[in-house]
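First up is the structure itself, then whatever we jot down about it.
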Amino acid sequence: MSAFPSIDTEVLRTFVAIADQGGFTRAGELVNRTQSAVSMQMKRLEEDVLQRQLFQRDGRQVRLTAEGQVLLGYARRILKLHSEVFNTLREPHMVGMVRIGTPDDYVMRFLPGILRRFAQSYPLIQIEVHCESSKQLLIRQDLDLTIVTREPGNEIGQLLRKERFVWAEAQCFSAHEQTPLPLAMFNSDCFCRLWACNALDAMGRDYRVAYNSSSLSAIMAVVSAGLAVTAQLESLITPDMRILGEAEDLPILPEASIMLVRNLHNPSPITECLAEHIVEGFKL
């Protein structure tokens with residue numbers, strides 16, 4: 435009984451690159467092969483190995499046939515398993531759990547991309563994410579890595595990025611024109627809220643904290659509805675909001691430092707690998 439022909443993973447990697455890039459030339463740049471080498475690989479795959487047409491060619495544009503779409507699903511799964519095998523066998527110690535602490539602010543903005551890339555490299559590591567305010571997180575001793583917001587001159591740990599606080603409200607609404615100014619802010623133990631209130635007090639602007647929550651999504655829902663103004667890190671402001679400033683009679687807010695704090699009492703290769711992914715993720 436004759437054995438089934440095999441497909442090299444590098445050929446599958448090239449095939450997936452063609453599907454993602456929409457052409458042989460761009461795929462070749464991605465996998466570091468010439469366009470002619472890519473064409474030869476795919477010709478052998480179509481004619482000699484599978485005996486199926488995988489591509490519909492329209493000039494320089496390439497689309498997958500129905501058979502190509504079927505292969506694409508299998509190819510992605512095979513490459514994912516291939517990566518998992520090598521990561522597991524080459525680094526067998528990379529199994530375990532890491533506990534991260536972070537304010538709610540950064541969960542939707544930064545963590546999805548960081549955790550997705552980390553899981554691709556180390557699929558057997560379990561992640562626990564604990565969301566609390568920076569003040570609460572800093573007194574915990576059970577976390578391996580903690581992301582916190584700190585005031586300038588009061589930084590601890592490794593700097594991830596510096597970012598300014600800004601006032602924001604929903605597009606097409608004018609909550610900033612109300613007196614007293616309605617605010618949607620984090621709970622009272624958040625120093626960012628203290629910054630905002632102190633700045634308004636200093637300029638004599640009348641305000642009230644109309645909405646109070648420990649959840650960023652809850653605060654943003656209130657602001658998006660046009661019910662209040664908030665003060666948040668600039669990177670957290672969504673497209674349906676607009677940044678306010680002196681033109682709206684609101685004071686300039688200070689810059690904050692986002693820091694990564696390691697638990698030095700419990701270091702591990704797993705923790706350090708995740709720390710490196712976090713550092714890179716906050717650069718994006």
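435 is the number of the first residue of the sequence shown in this note's numbering; add one for each residue after it.
Yeah, the Cβ is synthetic: ideal placement off N, Cα and C, and Gly gets one too.
Asp640: first and last residue of the uninterrupted beta strand (DSSP E) it sits in: Counting from 1 along the sequence shown, the entry for residue 640 is found at position 206. First-last for Asp640: undefined, no H or E at that position.
Short of 7 angstroms in beta carbon distance, which residues of its chain neighbour Leu593, apart from the five on each side in sequence? Order them along the chain. Residue numbering aside, residue 593 sits at position 159 when the sequence shown is read from its first letter. Closer than 7 angstroms at the Cβ level, and outside the excluded window around Leu593, lie Ser691, Met693.
Given Ala644 as reference, the closest of Phe599, Ile561, Ser622, Gly547 once Cα atoms are compared: As a position in the sequence shown, residue 644 is number 210, starting the count at 1. Taking the Cα of Ala644 as reference, the smallest distance to any Cα among Phe599, Ile561, Ser622, Gly547 is reached at Ser622.
Per DSSP, what kind of secondary structure is Ser669 in: helix, strand or coil? Reading the sequence shown from its first residue, position 235 is the one you call residue 669. Correct three-state label for Ser669: helix.
Using the rule of at least 16 other Cβ atoms within 10 Å of the residue's Cβ for burial, across every protein chain shown, is Gly715 buried or exposed? Residue 715 sits at position 281 when you count from the first residue of the sequence shown. Flag for Gly715 reads buried.
List in chain order: all unbroken beta strand (DSSP E) runs of 3+ residues lying wholly within the segment 579 to 636. Listed in chain order, the beta strand (DSSP E) runs fully inside the segment 579 to 636 are 579 to 584, 592 to 604, 615 to 620, counting runs of at least 3 residues.
Sort Asp576, Pro439, Ser555, His610 by Cα distance to Ala665 and report the nearest one. Translated into the one-based positions of the sequence shown, residue 665 becomes position 231. Just measuring C-alpha positions, the residue of Asp576, Pro439, Ser555, His610 sitting nearest Ala665 is His610.
If you count every other CB in all the chains shown that lies within 10 Å of the CB of Cys624, and 16 or more means buried, which is it? Position 190 of the sequence shown, counted from the first residue, corresponds to residue 624. Around the Cβ of Cys624, a 10 Å sphere holds 16 or more other Cβ atoms; the residue is buried.
Nearest to Ile441 by alpha carbon, out of Asp674, Val713, Gln485? In the sequence shown, counting from the first residue as 1, residue 441 sits at position 7. In this structure, Gln485 is the residue among Asp674, Val713, Gln485 with its C-alpha nearest to the C-alpha of Ile441.
To the nearest angstrom, how far is the alpha carbon of Ala633 from that of Leu687? Residue numbering aside, residue 633 sits at position 199 when the sequence shown is read from its first letter. Residue numbering aside, residue 687 sits at position 253 when the sequence shown is read from its first letter. In a straight line, the C-alpha of Ala633 is about 7 angstroms away from that of Leu687.
Assuming Leu650 contacts Asp538 under a Cβ cut-off of 8 angstroms, what Cβ separation, rounded to an integer in Å, is found between them? Taking the sequence shown and counting its residues from 1, the one referred to as residue 650 is at position 216. Taking the sequence shown and counting its residues from 1, the one referred to as residue 538 is at position 104. Rounded, the Cβ-Cβ distance is 5 angstroms, consistent with contact.
8 angstroms Cβ shell around Glu668 - same chain, five flanking residues per side excluded: Working through the sequence shown from its first residue, we reach residue 668 at position 234. Same-chain partners within the cutoff: Glu597, Arg598, Phe599, Val600, Ile677.
If I measure Cβ to Cβ from Phe449 and keep anything under 6 angstroms in the same chain, skipping five residues before and after, which residues do I get? On the sequence shown, position 15 is the one that residue 449 refers to. Taken in chain order, the residues that qualify are Ala509.
Residue from Gln570, Val657, Asn466, His564 whose Cα sits closest to the Cα of Ile671: As a first step, residue 671 must be located in the sequence shown, where it is residue number 237. With respect to the C-alpha of Ile671, the residue from Gln570, Val657, Asn466, His564 having the closest C-alpha is Val657.
Using the C-alpha atoms, what's the distance from Gly547 back to Lys717? Residue mapping note: residue 717 aligns to position 283 of the sequence shown, counting from 1. Residue mapping note: residue 547 aligns to position 113 of the sequence shown, counting from 1. Near 12 angstroms, if we compare the C-alpha coordinates of Gly547 and Lys717.
Leu515 burial status per 10 Å Cβ neighbour count (16 or more: buried): For the purposes of this step, residue 515 is identified with residue 81 of the sequence shown, where counting begins at 1. Result: exposed.
Taking C-alpha atoms, which residue in Thr613, Ser555, Pro614, Val582 lies nearest to Leu708? Locating residue 708 in the sequence shown gives position 274, counting from the first residue. That would be Ser555, whose Cα lies nearest to the Cα of Leu708.
Might you give, ordered along the chain, the residues of its own chain that have their beta carbon closer than 6 angstroms to the beta carbon of Leu684, omitting 5 neighbours on each side? Along the sequence shown, one-based indexing puts residue 684 at 250. Only residues of its own chain outside the window of five on either side were considered, and among them Trp601, Leu678 have a CB closer than 6 angstroms to the CB of Leu684, listed in chain order.
Tell me the DSSP bridge mates of Ser691? As a position in the sequence shown, residue 691 is number 257, starting the count at 1. According to DSSP, Ser691 shares a beta bridge with Arg584, Lys596.
Given 8 angstroms, three or more beta-carbon pairs between the segment 571 to 581 and the segment 635 to 642: The count of Cβ pairs closer than 8 angstroms, one atom from the segment 571 to 581 and one from the segment 635 to 642, stays below three, leaving the stretches out of contact.
Could you tell me if Val582 is buried or exposed, where buried requires 16 or more neighbouring beta carbons within 10 angstroms of its beta carbon? Position 148 of the sequence shown, counting from 1, holds the residue named residue 582. Val582 is buried by the Cβ-count criterion.
Distance, Met675 Cα to Glu463 Cα: Start at 1 with the first residue of the sequence shown, and residue 463 comes out as number 29. Start at 1 with the first residue of the sequence shown, and residue 675 comes out as number 241. C-alpha separation (whole angstroms): 39 angstroms.
What are the residues that DSSP puts in a beta bridge with Phe489? As a first step, residue 489 must be located in the sequence shown, where it is residue number 55. Paired residues: Leu498.
What did DSSP end up calling Glu680 once you bin it into helix, strand or coil? Locating residue 680 in the sequence shown gives position 246, counting from the first residue. Shown here, Glu680 sits in a helix according to DSSP, grouped into three states.
Pair within 8 angstroms by beta-carbon distance, Leu498 and Leu506: Position 64 of the sequence shown, counting from 1, holds the residue named residue 498. Position 72 of the sequence shown, counting from 1, holds the residue named residue 506. Closer than 8 angstroms, so yes.
Buried versus exposed, by CB contacts within 10 Å (16 or more), Ile653: Counting from one through the sequence shown, the residue named residue 653 turns up at place 219. Answer is buried; the Cβ neighbour count reaches 16.
CA-to-CA distance, Arg550 to Pro703, given in whole angstroms: Within the sequence shown, residue 703 is the residue found at index 269, counting from 1. Within the sequence shown, residue 550 is the residue found at index 116, counting from 1. In this structure, the alpha-carbon of Pro703 lies about 19 angstroms from that of Arg550.
Roughly how many whole angstroms lie between the Cα atoms of His699 and Glu603? Residue numbering aside, residue 699 sits at position 265 when the sequence shown is read from its first letter. Residue numbering aside, residue 603 sits at position 169 when the sequence shown is read from its first letter. Whole-angstrom Cα-Cα distance: 43 angstroms.
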